[in-house]
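Student: Right, I'll just put the structure down here and ask away after.
Numbering (my numbering), first residue to last: 2 to 156.
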């Protein structure tokens, strides 16, 4: 349950479990950002965010560290495992949570894109690349020997 006593709709957190959060309302928007700053902050070709009103959001375990990435924004991350967690406009009414940090990222589907001036040309065609499941990539025998140190996608 969040601090504002609203029903939890979505939960999530970092890889190691030191930081957890809860969302008690539907995100205002869900987007992808291709800008160079988001590329560097996520270590990926783009970042994806769920935009949430502050009153519908709470950190439920731990408190993230923050990096002021520009004169107008800060980005939260787990100091223990390095997982990027959010983007916040300083003094703004919302927090943008990285969709990959949700326990059920399939429930936060992007509907728009920003920063497309920096979109990498190959991003458009990634759905058409040859693909494999993790088991196909490693094989069942090797996969059976790997143990994850990540926090599970639930509390």
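Glycine included, every Cβ here is placed at the ideal spot set by N, Cα and C.
Who does residue 51 pair with in a DSSP beta bridge?
Tutor: Taking the chain shown and counting its residues from 1, the one referred to as residue 51 is at position 50. BP columns for residue 51 point to 31, 98.
Student: Look up residue 151 in the DSSP assignment and say whether it is helix, strand or coil.
Tutor: Walking along the chain shown from the start, residue 151 turns up at place 150. Residue state, collapsed to three classes: coil.
Student: Can you say whether residue 154 is buried or exposed, counting buried as having 16 or more other CB atoms within 10 angstroms of its CB?
Tutor: On the chain shown, residue 154 is found 153 positions in, with the first residue counted as 1. Exposed is the call here.
Student: Assess contact between the segment 15 to 30 and the segment 117 to 126, defined as three or more Cβ pairs (one per stretch) separated by less than 8 angstroms. Is contact present?
Tutor: The segment 15 to 30 vs the segment 117 to 126: no contact.
Student: By the 10 Å Cβ neighbour count, where 16 or more other Cβ atoms means buried, how is residue 76 classified, buried or exposed?
Tutor: Taking the first residue of the chain shown as 1, we reach residue 76 at position 75. Under this definition residue 76 is a buried residue.
Student: When burial is assigned at 16 or more other CB atoms within 10 Å of the CB, is residue 131 buried or exposed?
Tutor: The residue given as residue 131 occupies position 130 in the chain shown. By the 10 Å Cβ count, residue 131 comes out exposed.
Student: Would you mind listing the beta strand (DSSP E) stretches within the segment 54 to 138 that are 3+ residues and don't spill past its ends, in chain order?
Tutor: DSSP runs (the beta strand (DSSP E)) wholly in the segment 54 to 138: 58 to 62, 66 to 68, 74 to 78, 85 to 90, 95 to 99, 113 to 115.
Student: Is residue 33 near residue 111, with beta carbons less than 7 angstroms apart?
Tutor: Here residue 33 refers to the residue found at position 32 when the chain shown is read from its first residue. Here residue 111 refers to the residue found at position 110 when the chain shown is read from its first residue. Yes, the Cβ-Cβ distance between residue 33 and residue 111 is below 7 angstroms.
Student: Looking at C-alpha atoms only, which residue of 139, 12, 39 is the closest neighbour of residue 49?
Tutor: In the chain shown, residue 49 corresponds to position 48, counting from 1. That would be 39, whose Cα lies nearest to the Cα of residue 49.
Student: Please say whether residue 65 and residue 20 have beta carbons closer to each other than 7 angstroms?
Tutor: Mapped onto the chain shown, residue 20 falls at position 19. Mapped onto the chain shown, residue 65 falls at position 64. A contact, by the Cβ cut-off of 7 angstroms.
Student: What's the gap between the Cα of residue 145 and the Cα of residue 138?
Tutor: Taking the chain shown and counting its residues from 1, the one referred to as residue 145 is at position 144. Taking the chain shown and counting its residues from 1, the one referred to as residue 138 is at position 137. Roughly 13 angstroms between the two C-alpha positions.
Student: Using the three-state DSSP reduction, which class does residue 45 fall into: helix, strand or coil?
Tutor: Residue 45 sits at position 44 when you count from the first residue of the chain shown. It is coil, neither helix nor strand.
Student: Measure the alpha-carbon distance for residue 17 versus residue 152 and round it to whole angstroms.
Tutor: For the purposes of this step, residue 17 is taken as residue 16 along the chain shown, with counting starting at 1. For the purposes of this step, residue 152 is taken as residue 151 along the chain shown, with counting starting at 1. Their backbone Cα atoms lie some 5 angstroms apart in a straight line.
Student: Report the option in 10, 91, 60 whose CA atom is closest to the CA atom of residue 72.
Tutor: Here residue 72 corresponds to residue number 71 of the chain shown, with the count starting at 1. Looking at the Cα atoms, 91 is the closest of the given residues.
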